[in-house]
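Heads up, the sequence shown is in numbering that gives the first Met the number 0, so the first residue is 0 and it goes up one at a time.
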Amino acid sequence: MKISLSKCLTYLLLFLLTGCASPNSYVPDYRYELNAPPSPISVNKDSPALPPEEKVLAEPAGASVDEEQPAKPPVSVDSKTSGDLSAGKKEVQNMLDTALDLCDASQEYWSKGELEEAIDALDEAYSLVLKAETDDNPELFQQKEDLRFTISKRITEIYASRYTAVDGRHDAIPMIMNKYIEDEIKFFQGPARDFFMESYRRSGKYREAMLKTLKEAGLPAELSWLPLIESGFKVRALSTARALGLWQFIPSTGYKFGLTRDTWIDERMDPEKATAAAIEYLKELHNIFGDWSTVLAGYNCGEWAVLRIIQRQQINYLDNFWDLYERLPRETARYVPMFLATLHIMKDPKKYGFEFEEPYKPTLFESVTIEKQVHLEAVAGSLVVSFDSLIDLNPELRQHITPNTPYALKVPYGKGEELLAKLESIPNWAAPEPATRKARKEYVYHKVRRGETLAIIAAKYKSTLPDIAKANRLKQKSIVHAGQTLKIPVKGGAGEKRIALKDELLQGGKYRVKRGDSLYLVAKKFNTDTKTLKRLNALKTAQLYVGQVLKVTR
Numbered sequence: 000m001k002i003s004l005s006k007c008l009t010y011l012l013l014f015l016l017t018g019c020a021s022p023n024s025y026v027p028d029y030r031y032e033l034n035a036p037p038s039p040i041s042v043n044k045d046s047p048a049l050p051p052e053e054k055v056l057a058e059p060a061g062a063s064v065d066e067e068q069p070a071k072p073p074v075s076v077d078s079k080t081s082g083d084l085s086a087g088k089k090e091v092q093n094m095l096d097t098a099l100d101l102c103d104a105s106q107e108y109w110s111k112g113e114l115e116e117a118i119d120a121l122d123e124a125y126s127l128v129l130k131a132e133t134d135d136n137p138e139l140f141q142q143k144e145d146l147r148f149t150i151s152k153r154i155t156e157i158y159a160s161r162y163t164a165v166d167g168r169h170d171a172i173p174m175i176m177n178k179y180i181e182d183e184i185k186f187f188q189g190p191a192r193d194f195f196m197e198s199y200r201r202s203g204k205y206r207e208a209m210l211k212t213l214k215e216a217g218l219p220a221e222l223s224w225l226p227l228i229e230s231g232f233k234v235r236a237l238s239t240a241r242a243l244g245l246w247q248f249i250p251s252t253g254y255k256f257g258l259t260r261d262t263w264i265d266e267r268m269d270p271e272k273a274t275a276a277a278i279e280y281l282k283e284l285h286n287i288f289g290d291w292s293t294v295l296a297g298y299n300c301g302e303w304a305v306l307r308i309i310q311r312q313q314i315n316y317l318d319n320f321w322d323l324y325e326r327l328p329r330e331t332a333r334y335v336p337m338f339l340a341t342l343h344i345m346k347d348p349k350k351y352g353f354e355f356e357e358p359y360k361p362t363l364f365e366s367v368t369i370e371k372q373v374h375l376e377a378v379a380g381s382l383v384v385s386f387d388s389l390i391d392l393n394p395e396l397r398q399h400i401t402p403n404t405p406y407a408l409k410v411p412y413g414k415g416e417e418l419l420a421k422l423e424s425i426p427n428w429a430a431p432e433p434a435t436r437k438a439r440k441e442y443v444y445h446k447v448r449r450g451e452t453l454a455i456i457a458a459k460y461k462s463t464l465p466d467i468a469k470a471n472r473l474k475q476k477s478i479v480h481a482g483q484t485l486k487i488p489v490k491g492g493a494g495e496k497r498i499a500l501k502d503e504l505l506q507g508g509k510y511r512v513k514r515g516d517s518l519y520l521v522a523k524k525f526n527t528d529t530k531t532l533k534r535l536n537a538l539k540t541a542q543l544y545v546g547q548v549l550k551v552t553r
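Below is the structure:
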């Protein structure tokens with residue numbers, strides 16, 4: 000449904016003609032407050048709606064939170080009066096309850112910036128209120144009048160937020176001055192002076208395009224300075240909260256506003272796309288809060304964090320930002336004054352002791368859509384341009400490789416046609432073959448038995464005589480003696496035997512039986528046979544038990 004001012008006026012006219020309740024009319028205490036937005040469960044810029052159990056009981060409709068209200072007993076829909084309603088009266092009660100639910104739904108739509116849906120819900124609620132005939136029941140009549148007043152008030156508030164001027168005028172964001180802003184100006188003049196000066200120089204690469212996009216969207220031009228305090232105009236700036244890019248989007252919020260993030264690209268680092276996403280987010284926040292100072296607080300810490308603070312304090316969220324200042328997190332509380340301090344300095348740099356160097360110029364480029372994966376280094380070599388220049392033009396490429404989908408590659412101005420002509424000769428990027436890990440030598444330890452020689456031992460372990468001799472600093476013709484321990488090099492994987500012997504062999508060449516062991520498995524583990532184990536341990540059967548200690552070597 001299209002939102003129109005005439006519809007708003009129609010509702011208000013109906014409100015006046017049908018005898019709406021006075022601002023101090025009583026609201027039964029079973030109601031939820033309709034003017035308070037849902038409380039958040041996260042401060043991270045996109046959170047689900049408040050669970051129902053956290054909603055706040057209402058103040059009387061239209062009343063200030065500081066006003067004394069006439070004491071009246073609460074009326075419950077489950078009371079005896081409600082229980083005695085006739086079938087017709089119960090139907091009216093159901094209609095009013097449904098209208099109340101629609102008002103709640105409208106509130107949620109509004110808080111999300113979905114104004115058309117919010118008005119549609121109020122339209123349906125108002126239709127139900129008009130159909131409800133309550134003349135002979137005071138309780139239902141009062142509910143109906145309260146709902147009528149609430150709906151009218153809600154429509155007024157929605158249109159107040161919708162039609163707050165957002166026309167891109169230079170003075171669209173009020174240039175106020177207070178002690179908080181003065182403190183941030185001093186901060187930029189002192190400890191953060193170098194940061195401020197360098198950020199200004201970097202801004203030259205991006206602000207011209209930002210100003211054009213902001214103007215087309217009807218947003219204040221001053222917002223083009225927001226990246227200065229967000230990222231210092233560093234396209235790869237990464238915060239401890241994993242916010243990335245000029246506009247510092249966290250992954251989930253970036254995804255919400257259409258920024259792709261995968262193995263190959265992260266569009267939070269794309270100045271053009273990130274600016275478009277930031278504009279959509281700022282417009283959504285403006286639909287919720289209505290004034291730019293509160294919008295900026297919401298941009299910094301998340302709209303739900305601001306809404307939660309507003310609800311806890313029971314402050315109308317169309318009020319001035321400075322009513323919330325002391326209640327905001329410290330970082331967010333400083334964020335808005337820092338931005339306003341930036342605007343003051345940029346408006347009159349000399350007044351605040353700044354003499355800026357010439358800002359960097361935007362890089363002129365052309366875009367060429369390519370459909371194969373190429374490495375920027377290969378492209379740079381083909382076009383005889385610097386590798387770094389291509390990285391700067393395509394900062395969203397996480398690995399300096401174009402994705403395996405069509406991609407608009409930016410190249411220095413005048414190089415577009417050359418790239419098209421040479422594209423076939425530029426090699427396709429291919430993932431390198433996994434490096435074959437050189438098999439490292441592993442070792443097992445062998446106690447020489449009577450009659451064994453180095454050659455016999457080498458054959459037993461599928462090793463070589465030279466390797467065994469080298470590992471033990473022996474000559475290949477050396478004679479080994481029974482009881483002598485040798486280090487036997489084996490192929491990768493066989494070293495597990497060494498670990499087993501080291502970790503499992505007890506003092507005196509003994510082994511403690513574990514769950515799952517059998518005489519055969521133990522014999523195999525220690526390179527012997529069951530007959531030998533039986534003889535060494537005087538076993539009559541092959542049955543073992545957990546914890547039994549066996550002698551496994553002579």
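Here a beta-carbon is modelled for each residue, glycine too, at the ideal position from N, C-alpha and C. Treat the numbers as computed from the prediction; the structure is a model and nothing was measured.
Contact set for residue i: own chain, Cβ-Cβ below 8 Å, skip 5 residues either direction
i	result
residue 231	194, 197, 198, 201
residue 260	250, 253, 254, 266, 267
Distance between residue j and residue i (C-alpha atoms, nearest Å)
i	j	result
residue 119	residue 106	11 Å
residue 540	residue 519	12 Å
residue 447	residue 457	12 Å
residue 512	residue 445	20 Å
residue 548	residue 453	30 Å
residue 471	residue 514	35 Å
residue 529	residue 468	30 Å
residue 544	residue 263	57 Å
residue 88	residue 244	59 Å
residue 205	residue 115	34 Å
residue 150	residue 104	12 Å
residue 306	residue 321	14 Å
residue 443	residue 481	17 Å
residue 326	residue 94	39 Å
residue 431	residue 237	29 Å
residue 183	residue 111	32 Å
residue 536	residue 484	22 Å
residue 352	residue 122	56 Å
residue 551	residue 517	13 Å
residue 554	residue 346	The requested residue 554 is not part of the displayed model; the chain covers only 0 to 553.
Beta-carbon proximity check, residue i vs residue j, cutoff 8 Å
i	j	result
residue 462	residue 479	no
residue 563	residue 180	The displayed coordinates of the chain run from 0 to 553. Any statement about residue 563 would go beyond what the structure contains.
residue 187	residue 340	yes
residue 124	residue 98	yes
residue 358	residue 388	no
residue 287	residue 302	yes
residue 228	residue 355	no
residue 425	residue 381	yes
residue 269	residue 402	no
residue 128	residue 147	yes
residue 369	residue 422	yes
residue 414	residue 384	yes
residue 538	residue 521	no
residue 427	residue 475	no
residue 273	residue 246	yes
residue 248	residue 240	no
residue 362	residue 392	yes
residue 172	residue 291	yes
6 Å CB neighbourhood of residue i in its chain, flanking five on each side removed
i	result
residue 366	407, 409
residue 139	91, 133
residue 525	551
Same chain only: Cβ atoms within 7 Å of residue i, ignoring 5 sequence neighbours per side
i	result
residue 167	Residue placement at residue 167 cannot be trusted, given a pLDDT of 39 that sits under 50; what the coordinates show is reported in the next sentence. Excluding sequence neighbours, residue 167 sits near 213, 214, 217, 218, 219, 220.
residue 177	none
residue 390	375, 399
residue 108	116, 117, 120
residue 257	276
residue 143	95, 128, 131, 133
Cβ of residue i within 8 Å of any chain B Cβ
i	result
residue 293	Among the protein chains of the structure shown there is no chain B, as only one such chain exists.
Within 8 Å, do at least three Cβ pairs link the segment 208 to 219 to the segment 277 to 284?
A contact is defined here as three or more CB-CB pairs under 8 Å, and the segment 277 to 284 meets this definition with respect to the segment 208 to 219.
Whole beta strand (DSSP E) runs in the segment 100 to 145 with 3 or more residues, listed along the chain?
none
Could you tell me which uninterrupted alpha helix (DSSP H) segments, each at least 4 residues in length, are contained entirely in the segment 431 to 477, listed from first to last along the chain?
453 to 459, 464 to 470
Which runs of the alpha helix (DSSP H) spanning at least 4 residues fall entirely within the segment 241 to 317, listed in chain order?
250 to 255, 270 to 288, 291 to 300, 302 to 312
Beta strand (DSSP E) runs wholly inside the segment 197 to 243, at least 3 long, in chain order
none
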